[in-house]
Amino acid sequence: MPDKNLRSLQSHDLIQLLEGVPVPLFVKDTQGHVIYVNRTWRQSMAPALGGSPAAAVSDVLSAEQLASFHQRDLEAFSAGTTVTHEDEVKGNGQQSARHTLTTLVPLFDAEGQPSLIVGSTVDITEQRQLQQQNAAERGLLEMLASDVPLLDIMSEFILRYEAVFTGVMGSVLLMDEEGKHLKHGAAPSLPAAYCQAIDGIAIGASVGSCGTAAFTGKEVLVSDIASDPLWAPFKELALSHGLRACWSVPIRSTKGKVIGTFANYYGVARIPSDSELQSARRSAYLLSLAIENDLNDRQIRQDRQAIEEAGLYRQAILDSMVDGLVTLDLNGRIHTFNNAACRMMGRDPEAPRPQTLSELLGTQLPLNAQGHLELLSTVDGIEGASAEVNGRHANGAIRPISVSASRIPHTEHDTFVVTLRDITQQRQDEEEIRRLAFYDPLTGLPNRRLLMDRVRQAMVNSARLGQHGALMFLDLDHFKLLNDTLGHDVGDELLQQVAYRLRNCVREGDSVARLGGDEFVVLLEGLSDNRTDAANQAEVVAHKILDALALPYSLRGHGYNSTPSIGIVVFMEDHETMDDLLKKADVAMYQAKAAGRNTARFFDPVMQAAVTTHAELAKEIRLGLQRHEFVLHYQVQIDSQGRCTGAEALVRWNHRVRGLVSPAHFIPLAEETGMILPLGEWVMESACQQLVEWSRNPMTAHWTLAVNVSASQLAQPEFVASVREALQRSGAPAGQLKLELTESMLVDDVEDIIVKMMAIKELGVSFSLDDFGTGYSSLSYLKRLPLSQLKIDQSFVRDVLTDPSDAVIARTVVALGHSLGLTVIAEGVETAEQRDALAAMQCDAFQGYYFGRPAPADALILSAGTQNLNL
């Protein structure tokens with residue numbers, strides 16, 4: 108209501124007119140009192156200044172504010188004309204001022220004295236805010252164009268925004284790369300501790316204004332933090348820093364993805380006006396430009412860095428490659444190359460680079476008619492072409508280089524990438540593979556594979572040219588003994604020296620090969636067309652070899668003599684196979700061994716037949732064991748009182764076709780083929796079982812059983828264990844098992860034999876030394892052997908009555924045995940006179956045809972029970 112009544116100044120019509128004016132009008136007297144405001148003023152200005160339409164002006168504005176306005180009135184009276192001025196007006200109870208534009212018109216009375224002030228006031232707050240915001244936006248865009256850092260842009264924009272809206276505290280939070288957390292962006296007016304506390308906060312459905320806005324992608328306008336449930340987890344944090352209201356608008360990228368939030372904080376609880384909300388939305392949009400621009404810049408920088416790093420990485424890879432890599436044009440002019448290309452050819456990468464591929468490789472590459480590299484001209488499309496060239500290393504060495512070329516697609520001019528590979532090692536490896544495939548690694552001689560190829564070619568040439576050839580098969584005599592006594596290293600050295608000597612015994616066109624072990628083959632070609640002359644030529648070479656190999660050897664400080672046995676076969680007709688030739692030469696070699704060794708023999712067809720039979724018999728020994736064709740016969744042993752004390756087990760082969768085969772035929776063959784081991788094991792098992800059978804008969808329970816043991820058996824590391832197991836499995840009495848050894852076994856590794864004999868003796872088994880007097884055993888070793896018996900060889904018994912020397916030997920053996928505490932048995936006793944003579948020498952026991960031939964166990968018991976064997 109006006110402060111004074113203007114009845115004298117206004118009429119009803121005038122009042123009605125002023126009330127209808129759509130501009131806020133007021134009338135004041137010369138004392139500054141407001142005497143009238145129209146309806147528009149009451150309905151627009153009063154609420155804008157925090158009052159009600161019915162409130163008096165003095166209730167809306169403070170006395171200080173009215174006094175300052177009165178000064179403006181006086182200035183208008185003084186000026187005598189219309190005056191316009193802009194003010195910041197703050198109503199009673201308001202925290203923020205409003206921008207107003209006031210126009211004052213002074214009125215004078217008839218005497219020219221000041222009478223009234225008529226004025227209008229317009230609220231231009233939003234207009235000024237819009238202008239300020241536009242200025243802030245222009246500033247943001249200018250900073251974007253000037254490549255200002257994002258933090259500076261956001262901070263400056265927020266400060267300008269805060270200058271527009273009194274009391275606001277702006278904040279920008281940025282979404283992390285995972286899209287799960289908000290990180291501090293800029294908030295120049297918010298407390299630093301608060302900003303630090305919410306930095307990195309996880310977004311969610313009830314995480315304050317910003318966390319919820321980022322999660323939902325919608326605006327979240329919280330007018331009172333103290334009561335809003337969205338702020339329940341963070342209420343105390345916000346209130347402790349004087350924050351009561353928070354309006355948050357999601358910041359979106361051009362693709363609609365939430366990349367952050369723009370928040371308006373206030374220290375009092377309040378809701379946003381429409382203009383404030385529109386400003387916040389527009390600010391969020393402008394901030395999105397700055398944030399997305401920064402994201403794009405960072406991505407560009409990262410991409411650029413990645414490209415640079417990738418380029419460096421690719422170059423590092425190229426430089427670290429073993430293969431050389433060169434790019435060049437069709438004429439061979441080099442564009443780029445890696446370090447490997449330089450290293451390969453011995454060039455310094457820092458030295459002036461070669462201009463062409465030919466210059467790099469140190470050799471002139473072939474060109475086509477157009478002067479282009481021939482290699483590149485053959486590249487079809489992007490398919491590669493390759494060649495091998497001999498490049499010249501910087502040190503002058505020639506190296507094989509594999510050159511592969513491919514066209515680089517999508518290039519303006521013909522450009523090629525060439526891969527260079529040094530294949531020196533590959534060629535060396537191939538040569539080594541060839542050497543291993545065709546040559547003996549120990550001697551360097553051709554092996555069987557290469558020999559067979561050369562023999563095949565020699566047979567073809569011989570038939571074509573009408574000239575004979577000869578194949579020699581060599582085997583070193585007693586080589587196994589050298590290996591066993593001095594070791595395989597020494598044996599290998601002998602083989603190497605033999606190979607060297609053999610090479611020097613033949614012509615350049617002839618071949619020397621090693622088949623394996625101590626077996627060598629010599630192939631002679633281009634001999635006479637006359638078979639006899641060719642044989643004579645081969646014999647000359649054979650004797651040359653015999654003489655050369657007979658010379659002494661020095662093997663690691665050991666002097667050694669070796670001789671070969673040589674088999675020779677002469678050939679010319681091509682109807683013979685290579686295997687036939689080798690077999691014939693092998694047969695001839697065995698014929699040379701049979702002739703006393705250290706000699707040469709030509710192939711004899713009769714010998715071939717014997718060898719064939721020999722080979723067939725070797726196969727049948729294995730089958731005989733599988734078919735249980737071997738049996739044991741027993742020859743009785745008689746003491747000096749004529750009592751049977753036991754027997755010797757003698758193995759027989761009851762062949763299903765050949766009948767009963769003599770041990771003289773199959774025992775040596777079994778030794779040679781290694782079948783003596785399973786055969787000896789069978790004999791031991793069978794003998795133990797027989798002892799068990801005898802133990803059940805009172806007449807035979809005391810009998811002993813002698814079993815012959817071969818050198819191969821005794822040499823086996825597990826021989827002692829096999830004897831123990833045979834006794835344990837059968838349950839035979841160990842004290843009645845006697846193992847017979849021959850004197851020849853004592854030549855090799857006597858110490859090992861003694862150890863094994865002692866171990867077997869501890870089982871209760873006794874030992875007899877067979878064929879005593881025929882070997883070369885040392886008496887010093889003899890006394891160390893755990894023997895219980897000596898056996899006089901039948902060669903001395905046969906002529907004991909007619910040959911005084913044999914009688915002396917027999918008498919000496921008996922005396923020696925007794926002096927060593929051993930019993931003595933004589934074998935091969937065939938007459939009563941022989942028995943009597945040996946008995947007179949105090950021989951303890953006898954064995955031979957006079958007492959009985961070898962027979963099966965049943966026949967032996969029957970014979971022992973019916974014959975009167977008393978002396």
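Just so you know, this note's numbering puts 109 at position 2 of the sequence shown, and the rest follows in order with no gaps.
Built from N, CA and C at the ideal position, the CB exists for glycine as well.
Q) For T209, which beta-bridge partners are listed by DSSP? A) H192, T228
Q) Using DSSP with H/G/I as helix, E/B as strand and the rest coil, what is A300? A) helix
Q) Between Q909 and the rest of its own chain, which residues show a CB-CB distance below 7 angstroms, the 5 nearest in sequence each way excluded? A) In the sequence as presented, Gln is not what sits at residue 909; that position holds Thr. Nothing meets the Cβ criterion.
Q. What number of angstroms, rounded off, separates the C-alpha of S875 from the C-alpha of P770?
A. 20 angstroms
Q | Identity of the residue in W338, S902, T210 nearest F133 by Cα | A | T210
(Q) Going by DSSP in three states, Y373 sits in which element: helix, strand or coil? (A) Y373: strand per DSSP, three-state reduction.
**Q.** Distance between beta carbons of L464 and V524, contact taken as under 8 angstroms
**A.** Between L464 and V524 the Cβ distance is about 12 angstroms, and since that is not below 8 angstroms, they are no contact.
Q. L969: buried (16+ other C-beta within 10 angstroms of its C-beta) or exposed?
A. exposed
Q) Taking C-beta to C-beta, are L897 and V931 nearer than 7 angstroms? A) yes
Q: Tell me, to the nearest whole angstrom, how far the beta carbon of V743 is from that of A754; I am working on the premise that it is less than 8 angstroms.
A: 5 angstroms
Q) In this structure, what does DSSP give as the bridge partners for F443? A) Reading off the sequence, residue 443 comes out as Thr, not Phe. Its beta-bridge partners are T434.
Q) By the 10 Å Cβ neighbour count, where 16 or more other Cβ atoms means buried, how is K806 classified, buried or exposed? A) Correcting the residue type first, residue 806 is Met in the shown sequence and not Lys. Burial call: exposed.
**Q.** Rounded Cβ spacing between V816 and G787 (contact assumed at less than 8 angstroms)
**A.** 7 angstroms
Q.
Looking only at its chain, what residues have a beta carbon closer than 8 angstroms to the beta carbon of R960, apart from the 5 residues adjacent to it on each side?
A. Q742
Q. What first and last residue would you give for the alpha helix (DSSP H) that runs through W789?
A. 783-802
Q.
Here's the rule I'm using: 16 or more other beta-carbon atoms within 10 Å means buried, otherwise exposed. How should M276 be labelled?
A. buried
Q: Measure the beta-carbon distance from V167 to G198 and round it to whole angstroms, keeping in mind my assumption that it falls under 8 angstroms.
A: 5 angstroms
Q | Contact the region 359-378 vs the region 287-300: 3+ CB pairs below 8 angstroms | A | yes
Q) Are the beta-carbon atoms belonging to V790 and R759 less than 7 angstroms from one another? A) no
Q: Keeping to the same chain, check which residues put their C-beta closer than 8 angstroms to that of K700; ignore five residues upstream and five downstream.
A: The beta carbon of K700 sits closer than 8 angstroms to the beta carbons of D582, D584, S672 from its chain, once the five residues preceding and following it are set aside; these are given in chain order.
Q: Pick helix, strand or coil for G318, following the three-state DSSP scheme.
A: helix
Q | Pair within 7 angstroms by beta-carbon distance, G139 and H177 | A | yes
Q) Mind checking whether R359 and A376 have CB atoms under 7 angstroms apart? A) no
Q. Helix, strand or coil: which one does DSSP assign to S278?
A. strand
Q) Going by the CB atoms, is the gap between L846 and V814 shorter than 7 angstroms? A) yes
Q: With DSSP collapsed to three states, give me the class of C449.
A: helix
Q) Ends of the beta strand (DSSP E) at E847? A) 844-849
Q: State the DSSP-derived secondary structure class of R691, mapped to helix, strand or coil.
A: The identity of residue 691 in the sequence shown is Lys, whereas the question assumes Arg. Note: K691 maps to helix in three-state DSSP.
Q. Mind checking G551: buried by the 16 CB within 10 Å criterion, or exposed?
A. Exposed, since its Cβ has fewer than 16 Cβ neighbours within 10 Å.
Q. Do the region 623-632 and the region 554-569 make contact, defined as three or more Cβ pairs closer than 8 angstroms?
A. yes
Q: Return the CA-CA distance between V920 and L589, expressed in angstroms with no decimal places.
A: 32 angstroms
Q) Just checking my contact of G573 with F586 at CB under 8 angstroms: how many whole Å lie between their CB atoms? A) No, G573 and F586 are not in contact; Cβ-Cβ is about 38 angstroms, not under 8 angstroms.
**Q.** L432 versus P461: straight-line alpha-carbon distance, rounded
**A.** 14 angstroms
Q | Runs of beta strand (DSSP E) lying entirely within the region 610-642, each at least 3 residues, in chain order | A | 618-623, 626-631
Q. From P824 to E869, what distance separates their C-alpha atoms?
A. 17 angstroms
Q. G838 and V799 look like a contact to me (Cβ under 8 angstroms); what is the Cβ gap, rounded to whole Å?
A. Their Cβ separation, rounded to whole angstroms, is 6 angstroms, which keeps G838 and V799 in contact under 8 angstroms.
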